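Structure record follows, encoded as structure tokens.
Okay, here's the thing in structure tokens:
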């Protein structure tokens, strides 16, 4: 069985669910995830908002437009 990283699995699964964009601000704990996005092998693009509030609004609008669920990951919230 081939081993893959969690970031690879998440991005592959998001693409299977017809998600083409991920909204977020890179930070210490999620840098490996954003590194995986930057590799560009998954067809998922990163959208970096100016701040968390704008990113939340953008992700919410994107999810409503594409009829997707809105997962949110934020430390210390």
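Numbering (the numbering used here), first residue to last: 624 to 700.
For every residue, glycine included, the Cβ atom is placed at its ideal position computed from N, Cα and C.
All values derive from a computational prediction rather than experimental measurement.
Inset, instruction - Could you check the C-alpha separation between residue 681 and residue 637 for me, to the nearest Å? - result: 17 Å
To the nearest angstrom, how far is the alpha carbon of residue 651 from that of residue 690? 30 Å
Practice item. Please name the residue, chosen from 687, 669, 665, that lies closest to residue 653 on a Cα-to-Cα basis. Key: 669
>> If we require 4 or more residues per run, which alpha helix (DSSP H) segments fall completely within the stretch 638–689?
In response: 654–662, 675–689
If the criterion is Cβ atoms closer than 7 Å, does the pair residue 646 and residue 678 meet it?
yes
Exercise. Compute the distance between the beta-carbons of residue 656 and residue 630, then report whether it is under 7 Å.
Key: yes
*asked:* Check this for me: beta carbons of residue 640 and residue 665, under 7 Å apart or not?
replied: no
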